[in-house]
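Single-structure report; data block below.
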Amino acid sequence: MMESRFPFPDALRAVIFDWAGTMIDFGSRAPVIALCQTFAEHGVPITEAEAHEDMGRAKWDHIARLLAKPRIAQAWSETKRSEATPQDARMLFEAIGPAMIEAARECAILVPGAAEVACGLQRAGVKVGSCTGYTRAMMEAILPYAAEQGYRPDHVVCAGETPEGRPSPLMAWKNLVELGAWPAYACVKVDDTEVGIAEGRAAGMWTVGVAASGNEIGLTAQALAMLPPDERQRLIARATDRLMTAGAHLVIATVADLPEALGHLPIGSPPDVRVP
């Protein structure tokens, strides 16, 4: 095993990272921008708060759930003179592609510390996987830019590449299969969304939530830093509570805190072991 300056647990075999809000795009802004733009273009504006709900799911699933929300469903019916249908969800998904790609490209800046942590894992012989609610076409705009910034995961699983997306464990399992990493309880899922944490738990992995940079707060690093300290801490505490309630074994502020956090997990033992 190659030397790493991070003291990773010996039993650790793989870490599977989410993308937006976890490794790139502090605040998970790209999906929100694209969703708000697309719904507005079709005459049914949605709020950023609504767009943040159900984040982490495949985009077609996310859009279908938005259309099913009572306020949005009523606005759609009043504007279109008919109730939203699965065909409308598919139409919006097809329409969101260009906006999603453009927003993802503009927001694909790595969260500080992300590349260093991923490279440290790889130097230590730990496999680095990733999964996302973005399609492969959406990720094509992001992967080269992430690589330029120093982040090159060993495997990427995109929405649509498994029979079901989050909160099912299939994308996480596909990563582990392709990486040859097992058992699942020697692996960790890192995610900023409730469905991403549920995915890791369903896969039998240890789960680490990301509060400050993620969807639960939804602010850029600059916007978060400009808040009064008490308000900033309140938002981080609320995000932490939501991720813990979703099943996270631990919650960190950003991925830069992951190396220290991993030392607090009994990796290599089944996740039903009590975390100190």
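The sequence shown maps to residues -13 to 262 in our numbering.
Think of the CB as a built atom: it goes at the ideal place given N, C-alpha and C, for glycine as much as any other residue.
- Rounded to whole angstroms, the gap between the alpha carbons of leucine 129 and arginine 138 is 8 Å.
- For tryptophan 5, the three-state secondary structure derived from DSSP is coil.
- With a cut-off of 8 Å on Cβ pairs, the segment 32 to 44 is not in contact with the segment 226 to 243, counting fewer than three such pairs.
- Along the segment 113 to 160, the alpha helix (DSSP H) occurs as fully enclosed runs of 4 or more residues at 122 to 125, 129 to 134, listed in sequence order.
- Within the DSSP secondary-structure output, valine 196 pairs in a beta bridge with Ile238.
- Taking a contact as a CB-CB distance under 8 Å, the pair leucine -2 and isoleucine 222 does not count as one, their CB atoms being some 26 Å apart.
- In the assembly as shown, serine 199 is a buried residue. Its beta-carbon has 16 or more other beta-carbons within 10 Å.
- Only residues of its own chain outside the window of five on either side were considered, and among them Phe(-6), Val1, Val114 have a CB closer than 7 Å to the CB of leucine 107, listed in chain order.
- For lysine 55, there is no enclosing alpha helix (DSSP H), as DSSP gives it neither H nor E.
- Considering only Glu34, Ala170, Val176, the residue with the shortest C-alpha distance to valine 103 is Val176.
- Here glycine 190 is near alanine 170, since their CB atoms are less than 8 Å apart.
- It is roughly 44 Å from the alpha-carbon of alanine 211 to the alpha-carbon of arginine 67.
- The three-state reading of DSSP puts isoleucine 10 in strand, counting E and B together.
- When rounded, the separation of the alpha-carbon atoms in arginine 51 and alanine 197 is 23 Å.
- With a beta-carbon spacing of about 7 Å, isoleucine 58 and valine 30 fall inside the 8 Å limit used to define contacts.
- When DSSP states are grouped into helix, strand and coil, valine 30 belongs to the coil group.
- For glycine 119, the number of other beta carbons within 10 angstroms of its own is at least 16, and it is reported as buried.
- The beta carbon of glutamine 219 lies closer than 6 Å to none in the same chain, with the five residues before and after it left out.
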